[in-house]
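So the protein sequences, as listed, match chains C and X. The first sequence begins at 726 in the working numbering and counts up one residue at a time. The second sequence begins at 65 in the working numbering and counts up one residue at a time. Even for Gly, the Cβ is constructed at its ideal location relative to N, Cα and C. Nothing here was measured: the structure is a model prediction, and the numbers come from that model.
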Amino acid sequence: MLRLARKRWLIRAFRKRRELRPVSDRTGQIGADDILVFSTLRNERVRLPFFLNYYRELGVNHFLMVDNDSDDGGREYLASQPDVSLWTTAASYKRSRFGVDWLNWLQRKYGHEHWCLVVDPDEFFVYPFCDTRPLRALTDWLDASSIKSFSAMLLDMYPKGPFDSQPYREGQDPFEIAQWFDSGNYTIERNRKFGNLWIQGGPRARMFFGDLPERAPALNKIPLVKWHRSYAYASSTHMLLPRGLNQVYDEWGGEKASGVLLHAKFLDTFARKAEEEMERKQHYANSHEYRAYRLAMAKEPDLWCKWSEKYINWRQLEILGLMSKGNWA
Amino acid sequence: MTVGFIMLCHTALDRAAQVARHWAGHDCPVVIHVDKRVKRKAYDGLVQALADLPNVSFSGRHACEWGTWGIVAATQEAATIMLRQFPQVRHVYLSSGSCLPLRPVAELIRYLDERPRTDFIESVTTEDVGWTIGGLDVERFTLRFPFSWRKQRRLFDSYVRLQRRLGFKRRIPAGIVPHLGSQWWCLTRQTLSAILDNPERNEIDSYFRRVWIPDESYFQTLVRQVSANVESRSLPLSKFDFQGKPHIFYDDHLQILRRSDCFVARKIWPHADRLYATFLSDDTGNQAAAEPNPGKIDRLFARAVERRTKGRAGLYMQSRHPNENWENGRTAAPYSVFEGFSDLFENFETWLGKATGTRVHGHLFAPDRVHFAGGDTVYNGAMSDSAAMRDYNPKSFLTNLIWNTRGERQCFQFGPADNQDLIWFMAGDSNAQISVISGAWAIPLFHSNRNFGEIRREAAQLQKIEAEFLNVLRASWVKARVRTWTLAEFVENPMEPLQTIVDEISPRSLRRLTEAPRLADLTGFGQFLQNLRNQGMQPVLMGDFPATGGLPNTTSRRGRPYLVK
């Protein structure tokens, strides 16, 4: 059954390829061992410089991005970047299963046998030793250990005080503003069908979904995969097929290595985004999430509480148990 | 006299060239073997890069698939060339292309000069090894392995099973006592030549050709026949993880590698620029002639393996989600659960906090909200007090709380009116200390100002729930430290059980309790129970309360009973 589902998604991705129009195709530059980033975006211009530099510094070689009809100049900016291949589409984000179909297609075409990192422009990958070892050290180690997929749960970062009290400047490290996170309120459930874990919690669940915890957004992600053309993301980067790739956790008491995606969603850009997304109605579950935000936003929320943890580095996240070195030393 | 290096290379040839140049430059001859699967162009590049060095040779190329004979054949050929071409060599050091010298070559030469007859090779009998892959030790020598372990795992495994079932055994040639050990060694010319020039070598080789992972057994076995002085350890610093793969060193290991005093480390990540730059420069500080001391690194890697195999007790996260009973500890630290105490005593929570110096919560699993200590709405780890969120995943709630508060013992109240989802989980948790005064839930009912019919209904329900809890606590699989008293028992002598519980929570304080918590007023409670009985509800969990009068022992010490010692 799952094999059929995977085939269906791959066919779907194949059909959706026609929605993508290349803006600047530099995929010819991609070398055999290159590490690739795949991303979809819409109106994220102000975030792009820091995003690209962050991943360049980790050692990403090429970016493959889908622009969903931006009108803020982001498309032009990306088209001018030497290591970015860009496609654009005005088609429905929702009907491409929130961009998954588009990226599945690009990954099938360009990601085969590459380490592929799938992240949004507001997600920043942190892994064990990321302050001293480049991303290639990790992927080499994963290769040597015969590991094909690497987990990095989404960690919502937020500022102290209202979101708009400190405006985000282009090029700025967003975590100078959104320095705080929830360290220990995550719930975990196993999804028997796909074999992945379903993680919820964090400030969004705490503030916006206190009465409806089952509606809180999923935080489990498997963004880094040694891609094969027969693989497919099933739902965002939360789960993959074939389902063996979702086995990123140890079931016998041990810890596998894992990282974290720092989520810089809650900046001053958030209120605008929430309004816009509500109007487009292009998000998951009838944009229920954004509806909850808008309600809460009217009250000028402060996600910060006295138990909020201030971000220092990956070792802190490791000690808190949000990620693990596994047996990488 | 000097030492010659054999280098087995298959990737990162530029790094291999760098290291070869370093050794050759210090008058140590080098013989390089490059895996046949490496592309011709890359190989030629390496040969070219080292062409100016007279004491670097290349040996004929064999395909070195892991676990196969090719590696031994390559080593034999390279060793033969080394012994023939470089007569000044006394010790031959087998290393890989990803090895890196950590100490000046002169120190290694001096070290070996002081031990001219010693062979450094890990060589252990099959009974004594605990690290073999796939659980195969002596069977490496007695079964056949025509299938690749890496590429045809299923065939490999089933063929091994088949041979075991049929009782198939290869004969081990006479005079060969199987030994195993690390692939990397440092042997003297005498020993090595005795192995290579053995008149029966053809026979021995044809036997080992079909042994599994011969590079970990060929020299390790044969050295026992010819050497008088085997130091069973491998000179290169090389640690293996739980899958039998070597740990890799990165730039951030620089300090720990320096302090290890080992001569050579493997394996180094090819892009570890700082390690290569530091250790291949000639000014690496001149330490005293210290013995190699890999203890620190051993501990580092041992911890990593333990993290991978055992993990942190009580942690549930994205890459650790143990199946039931595989948790190595369901929760992170000891905690205490009190049922009935806050009903019987008016100020139990504050009293307990003072007596034990722990964090004492109210009813964490209460239906209205989570009653964190001090009435907090958010708690350690930014946990919410929303009952809906807690009930959405009570197990995550409890394990999170205990994990977040590591280092500070948590106590909380529990009762039959609370969410009961976790009673099995807690009963099976060796970190839980569960103390129950059964039937104490009736006291608040007794004090309440409600219609008796309502009280009766609720009493029946609470009694049923608590009876179920007590039932679970009596099961044979219970791992929690459980104590139960009926209300009547407890009231008769409250101080002794309290003292026991407090001693267990804070064993070091060893103080006698001087102050007891304040008992609720129980005057007329016996009559209340009798009324319940008269109304057709049988209160059984309280023990024997006389229908009239006050407490069973009639001391009715109200207020603060100070304990007389």
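Beta-carbon spacing of residue i, residue j below 8 angstroms
i         : j        : result
ILE185/X  : PHE327/X : no
PHE211/X  : TRP276/X : no
HIS837/C  : TRP952/C : yes
LEU72/X   : HIS97/X  : yes
ARG833/C  : LEU735/C : yes
THR514/X  : MET601/X : First, the residue type needs correcting, since residue 514/X is Arg and not Thr in the sequence shown. No, the Cβ-Cβ distance between ARG514/X and MET601/X is not below 8 angstroms.
MET559/X  : ALA580/X : yes
PRO603/X  : GLY590/X : no
SER494/X  : LYS459/X : no
VAL156/X  : LEU256/X : yes
GLY161/X  : HIS74/X  : yes
LEU1028/C : SER908/C : no
HIS963/C  : LYS946/C : yes
TRP467/X  : ILE501/X : no
TRP830/C  : ALA959/C : no
GLU769/C  : PRO846/C : yes
PRO168/X  : VAL202/X : no
TYR456/X  : PRO938/C : yes
SER810/C  : LEU789/C : yes
HIS425/X  : ALA437/X : yes
GLY784/C  : THR373/X : no
LEU219/X  : CYS250/X : no
PHE272/X  : VAL136/X : yes
GLN152/X  : THR66/X  : yes
ALA115/X  : ILE70/X  : no
TYR911/C  : ILE902/C : no
Contact belief for residue i with residue j at Cβ below 8 angstroms, rounded distance in angstroms
i         : j         : result
SER187/X  : GLY131/X  : Actually they do not touch by this definition, with Cβ atoms about 19 angstroms apart.
PRO480/X  : LEU526/X  : 4 angstroms
ASP898/C  : PHE775/C  : 6 angstroms
CYS841/C  : PHE763/C  : 6 angstroms
GLN904/C  : PRO887/C  : Not quite, the Cβ-Cβ distance comes to about 15 angstroms (not below 8 angstroms), so this is no contact.
ASP1093/C : GLY375/X  : Summary: the structure shown does not reach residue 1093/C, with chain C confined to residues 726 through 1054, and so no result is reported for it.
ASP407/X  : ILE507/X  : 5 angstroms
ILE361/X  : ILE320/X  : 6 angstroms
THR342/X  : LEU318/X  : 6 angstroms
TYR779/C  : PHE875/C  : Going by Cβ atoms, the distance from TYR779/C to PHE875/C rounds to 17 angstroms, so no, they are not a contact pair.
ARG384/X  : SER1049/C : 7 angstroms
ASP759/C  : HIS839/C  : 6 angstroms
Paired residues, beta bridge with residue i - DSSP
i        : result
MET65/X  : According to DSSP, MET65/X bridges with nothing at all.
PHE409/X : LEU583/X
LEU244/X : VAL188/X
MET790/C : SER764/C, LEU811/C
THR252/X : HIS155/X
LYS951/C : TRP840/C
GLU848/C : HIS988/C
PHE436/X : DSSP lists no partner for PHE436/X.
TYR443/X : MET447/X
TYR399/X : GLN474/X, ALA496/X
MET71/X  : ILE96/X, SER159/X
Members of the region 379-398 of chain X near chain C, C-beta cut-off 7 angstroms | LEU379, TYR380, MET381, GLN382, SER383, ARG384, HIS385, PRO386, ASN387, TRP390, GLU391, ASN392
Taking a Cβ distance cut-off of 8 angstroms, strictly less, list which residues of the region 897-922 of chain C are near chain X, in chain order.
-> ASP907, SER908, GLY909, ASN910, TYR911, THR912, ILE913, GLU914, ARG915, LEU922
Note down, one range per segment and in chain order, each alpha helix (DSSP H) of at least 4 residues found wholly within the region 881-935 of chain C.
-> 927-933
Fully enclosed by the region 744-774 of chain C, which alpha helix (DSSP H) runs are 4 residues long or longer?
-> none
Quick one: which unbroken beta strand (DSSP E) runs of 3-plus residues sit fully inside the region 540-621 of chain X? Chain order, please.
-> 545-550
Mind checking the region 835-865 of chain C against chain X and listing, in chain order, the residues whose C-beta falls within less than 8 angstroms of any C-beta there?
-> PHE854, THR857, ARG858, PRO859, ARG861, ALA862, ASP865
With 7 angstroms as the limit, tell me which residues of the region 99-121 of chain X have their beta carbon closer than that to any beta carbon of chain C; keep them in chain order.
-> none
Would you list, in sequence order, the uninterrupted alpha helix (DSSP H) runs of no fewer than 4 residues that lie entirely inside the region 337-376 of chain X?
-> 337-344, 359-373
3 or more residues per run - each beta strand (DSSP E) lying fully within the region 953-1039 of chain C | 957-960, 964-966, 984-988
For the region 421-442 of chain X, enumerate the residues whose C-beta is nearer than 7 angstroms to any C-beta of chain C, in chain order.
-> VAL442
Residues within the region 965-995 of chain C neighbouring chain X, beta-carbon criterion of under 8 angstroms | VAL973, TYR974, ASP975, GLU976, TRP977, GLY978, GLY979, GLU980, LYS981, ALA982, SER983
Name the residues in the region 1037-1054 of chain C whose C-beta lies less than 8 angstroms from a C-beta of chain X; which are they?
-> GLY1046, LEU1047, MET1048, SER1049, LYS1050, GLY1051, ASN1052, TRP1053, ALA1054
Between the region 359-370 of chain X and chain C, which residues of the former have CB atoms less than 8 angstroms from a CB of the latter, in chain order?
-> LEU364, PHE365, ARG367, ALA368, VAL369
With 8 angstroms as the C-beta to C-beta threshold (strictly closer), list the residues of the region 805-838 of chain C near chain X in chain order.
-> none
Can you list, in chain order, the stretches of the alpha helix (DSSP H) that have 4 or more residues and sit fully within the region 113-169 of chain X?
-> 134-149
Name, going along the chain, the residues of the region 936-968 of chain C whose beta-carbon falls closer than 8 angstroms to a beta-carbon of chain X.
-> ASP936, LEU937, PRO938, GLU939, ASN945
Using Cβ-Cβ distances below 8 angstroms, what residues of the region 310-326 of chain X are close to chain C?
-> HIS311, ILE312, TYR314, ASP315, ASP316
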